[in-house]
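Take a look at the structure below.
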Amino acid sequence: MEALDSLFHGFGVLLTFHNMALMLIGICLGILVGVLPGLGGPNGVAILLPLTFTMDPTSAIVLLSCIYWGALFGGAITSILFNIPGEAWSVATTFDGYPMAQKGEAAEALTAAFTASFVGSIVAVMLITFLAPWIASFALRFGPPEFFAVYMLTFCSFVGLGKEARHKIIISLTIGFLLAAVGMDTVSGELRMTFGSVELLRGFDFLVAVIGLFGISEILLAMEEHLAFKGQEAKIRLTVVWRTWMTLPRYWMTLLRSSAIGCWLGVTPGGAIAASFMGYNLAKRFSRDGAQFGKGKIEGVLAPETAAHAAGTSALLPMLALGIPGSGTAAVLLGGLMVWGLQPGPLLFVEQKDFVWGLIASMYLGNIAGLIIVLATVPLFASVLRVPFATIAPMIIVSCAVGAFAVQNAMFDIWLMLGFGIVGYVFKKIGIPLAPMTLALVLGDKAEDAFRQSMIGLDGGLGIFWSNKLVGTITTLALIMLFWPLIGKLFDMIRGSGRTPAGAASSETSRP
Amino acid sequence: MSFVSKRAAMLAACLSGLALTASAALADWQPTKPIEIIVPAGAGGASDQMARMMQAAIQNNKLSPTPIIVTLKGGANGGEGLMDMLGSPGDPYKMVISNSAIYTLPLANKLPFDWRKLTPISILAFDNFVLWVNANAPYNTAQDLVAAMKKEPEGAYKMGGTGSKREDHILTAAVERIAGVKFSYIPYKSGGEAATQLVGDHIKVNVNNPSENVAVWRAGQVKALCVFDNEVMDYPAKVTADKSWKDIPTCKSQGIDFQWIMLRGVFLPSGVTPDQVAFYQTMLGKLVETAEFKEYLEKQALKPSDLKGAEMVKFLEKDEALYKDLMTQSGFVATN
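Each protein sequence line maps, in turn, to chains A and B. At the far end of the first sequence sits residue 512, using our numbering, and the numbering has no gaps. At the far end of the second sequence sits residue 336, using our numbering, and the numbering has no gaps.
Here's what the structure looks like:
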């Protein structure tokens, strides 16, 4: 097979001492920035970009992409240990990862998260290896109506499948939409809700919101409740990794489903964040004991991590093949490609074989090396929980502040982060879920643009969302998701079973 | 959205800058700390690419004794970066790479910005605009396109471009007036998006800059009909299998007599001293002579420029008047 030949050629390019050393350095740095809440892959890549100007492009991309893989792995660590997502795409990992850590199963959760990340990435890389040209042409079929349908599917699956009360999910979503609308409106070219403030010109960055809503609010709650992290009593041995692995094969369906969702949303720029939420929600819906989700179920860690990493990895494909970055990190890498003298686009795969296949080979090796490194450090990270709260909490707050500042180099964002922290605290108290708000903040703006772009032109009307098979299928699927509780009830009535309807058993929050 | 950490970038720039020795520049003023290039645009866009190229060229050729940092401030179509420059009077360590947003933002959005409150250094290049259609489209000239459009109802043809009430939108409106046709203009977030949407046949036409469409052009996915300039682009080397930039005819020769070019220039904040200005003009003067810069111009098919000082101000005033006129005609100027 031609793809295999090219891949082996790529391994040949990669397997020099120099490139392997760069790969390891990249992964270690990546894990470091991934662990720190707020600092993420894009920062890590941007920091090192100037150093790569004099390198050859293959070594440069190996170093930078390995930072990305490292950050993808590292993001899960604080989500599980402290309920504070290290990266925006690890928000869904907190839902079950943190309860597991509280039960003393931090090491199991970490192992599951890392392994799931690995599986997701590898599936996505295989997709890139064998189906890149086909996927690139598939992505071209997406115009504004198709994009909107994908975003709507994400939102609808949230409302339809969420475990909280529907009205609370919708309240949270709407606030997210409102905040996402601040700043420049693409379609009208007007400024909205900036009230003459220069700071509001750039709108609300979801990273700042995530750091505040999840990080700061968690510290506030911890201070109020017990001034300690639960789960310290966990016994941590390296054999945990092996034991956890033995349990994983039975979740093959979850892993497969999440990989598929991730690849899909990574290629059509829904992104890793949307993918992680969708992976989680669908796993919960289709799991045999979905009611146990949110109480520390290993599937709840596997599903979002697999999806996020499949999306994060496959997001590189549109960047390489179309020149459209599928994620923040991909955008920074795109700038790098230009400096190294490469032109992303359909011809990159033809003209720069060494580079493209070297990069793809580095995705395989980088993820394997990354998995080994992070698994070896599971006991180390899990033992962080034994450090007294009073020592670690200030460190987390400082890291959050640095992260919030680093997004836009703006002092204002640190105040914003604190504001979001208080909002997050109040919402957790009154049981309004924070995840829908985050999702709306990430995708709201894009969804609005896509909807209004669809409405422009002579064919603009709601019918455009059923104007071809692709968009029609996605839109219909979205509506099914939205009305799933009703449809589920209907099924139950037909079957005459007395099962509790999905909507009624809504426990308010994930907090114990 | 910007993900670049200034502090972190400084650290990296220091690391990479350790090797730099004192510059050979003879200006009286010399920077003693890192110079920041403000990019009023998102990561990966044309301004970001230009900044990265400048960073690499300045560092590789040791044109500055201190390192260069790139900071992205792309909020509000670049308004964030411009307002930041406005708020840093007397700071000689910040330069901004700007485009026509310096006119459109104050006019369309009433942003309290005026380029006269900055110090113009030089215009490094001009970007062209080309009329592009999908490779499978039946027309090969602008006349063909206009004739085809006149057979359909108004607005049947979708035109995609970057943002609303900005250069692509203004150009579209001008073409509509001159050719007597009507597009449905769809604003996208970036030129790259407009490029792939054209390839996917979701829009019929776009007016992307050469650099935004070069990748899909070379792959044979789009066709270039004409360039909105008074003369053809001066790059005779073949870019696609059989066409060079020079082979694209002017739109003037195809019945759409309209010139539309966009500056890519450098400004410092207000209140900088003449020897600081001299340092930057000398540095940028050397920059445009570097191999990196020349290669960059050719790759992106940019028009070289050496406008600086009073000549640059004269150009900016004329250009701004043109924008104001066209935007008023199209109803893009904010009234309330």
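Each residue gets a CB set at the ideal place from its N, CA and C atoms; glycine is no exception.
- Per DSSP, S184 (chain B) is one residue of the beta strand (DSSP E) stretching across 183-188.
- Sequence-distant Cβ neighbours of P31 (chain B) in its own chain, meaning closer than 8 Å and more than five residues away, are S64, P65, T66, P92, Y93, F279.
- Contact annotation: in the stretch 391-417 of chain A, residues whose CB is within less than 7 Å of a CB in chain B are A406, V407, Q408, N409.
- Spatial neighbours of L107 (chain B) in its own chain (CB-CB distance under 6 Å, excluding positions within 5 residues in sequence) are listed in chain order as M327, V333.
- Residue state for K284 (chain A) is assigned as helix, using DSSP reduced to three classes.
- With respect to L118 (chain B), S305 (chain B) sits apart: the two C-beta atoms are not nearer than 8 Å.
- Here DSSP, grouped into helix, strand and coil, assigns A181 (chain A) to coil.
- When the five nearest sequence neighbours on each side are left out, the beta carbons in the same chain lying within less than 7 Å of the beta carbon of V182 (chain A) are those of R192, M193, T194, L200, G203, F204, in order along the chain.
- Not one beta carbon of chain A lies nearer than 8 Å to the beta carbon of V181 (chain B).
- Contact annotation: the stretch 156-176 of chain A does not touch the stretch 397-408 of chain A, with fewer than three C-beta pairs closer than 8 Å.
- Among the residues of chain A, none has a CB under 9 Å from the CB of Q259 (chain B); the nearest is roughly 23 Å distant.
- The C-alpha of A124 (chain A) lies about 14 Å from the C-alpha of A136 (chain A).
- In this structure, DSSP gives M262 (chain B) an extended state, which the three-state scheme calls strand.
- When Cβ pairs closer than 8 Å are counted between the two stretches, the stretch 210-225 of chain B is seen not to touch the stretch 168-185 of chain B, the count staying below three.
- One alpha carbon belongs to G81 (chain B), the other to F129 (chain B), and they sit about 24 Å apart.
- What D48 (chain B) touches in chain A, judged by beta-carbon distance under 8 Å, is G335, going in chain order.
- Residue environment analysis places L482 (chain A) among the buried positions, since at least 16 neighbouring C-beta atoms fall within 10 angstroms of its C-beta.
- In the displayed model, I68 (chain B) falls within a strand according to three-state DSSP.
- Residue burial is scored here from C-beta neighbours: W245 (chain A) has fewer than 16 other C-beta atoms within 10 angstroms and is therefore classed as exposed.
- Look at the stretch 88-110 of chain A: it has no residue with a C-beta under 9 Å from a C-beta of chain B.
- Counting along the chain, the unbroken beta strand (DSSP E) around P304 (chain B) starts and ends at 303-308.
- The stretch 407-415 of chain A and the stretch 127-143 of chain A do not touch, with fewer than three beta-carbon pairs separated by less than 8 Å.
- Ranked by Cα distance from V241 (chain A), the first of A:V378, A:G472, A:T52 is A:V378.
- A straight-line Cα-Cα distance of about 9 Å links M126 (chain A) and Y364 (chain A).
- Chain B places a beta carbon closer than 8 Å to that of F53 (chain A), counting this residue as a contact.
- By the C-beta density criterion, V45 (chain A) is buried, having at least 16 other C-beta atoms within 10 angstroms.
- Sorting A:I211, A:G279, A:I77 by C-alpha distance to the C-alpha of G262 (chain A) places A:G279 at the top.
- Within the stretch 452-478 of chain A, the residues whose Cβ lies closer than 7 Å to some Cβ of chain B are Q453, I456, G457, L458, listed in chain order.
- The Cβ of I186 (chain B) sits closer than 8 Å to at least one Cβ of chain A.
- DSSP places G419 (chain A) inside the alpha helix (DSSP H), whose first and last residues are 412-430.
- Taking 8 Å as the threshold, the shortest C-beta distance from T328 (chain B) to chain A does not fall below it.
- Of all residues in the stretch 128-155 of chain A, those with a C-beta nearer than 8 Å to a C-beta of chain B are A139, L140, R141, F142, G143, P144, reading in chain order.
- T306 (chain A) is positioned such that its CB atom lies closer than 8 Å to that of S258 (chain A).
- Where L201 (chain A) is concerned, there is no enclosing beta strand (DSSP E), because DSSP gives it neither an H nor an E.
- Annotated three-state conformation of I35 (chain B) is strand, per DSSP.
- For a cut-off of 8 Å, the C-beta gap from V442 (chain A) to A274 (chain A) is around 7 Å, short enough to register as a contact.
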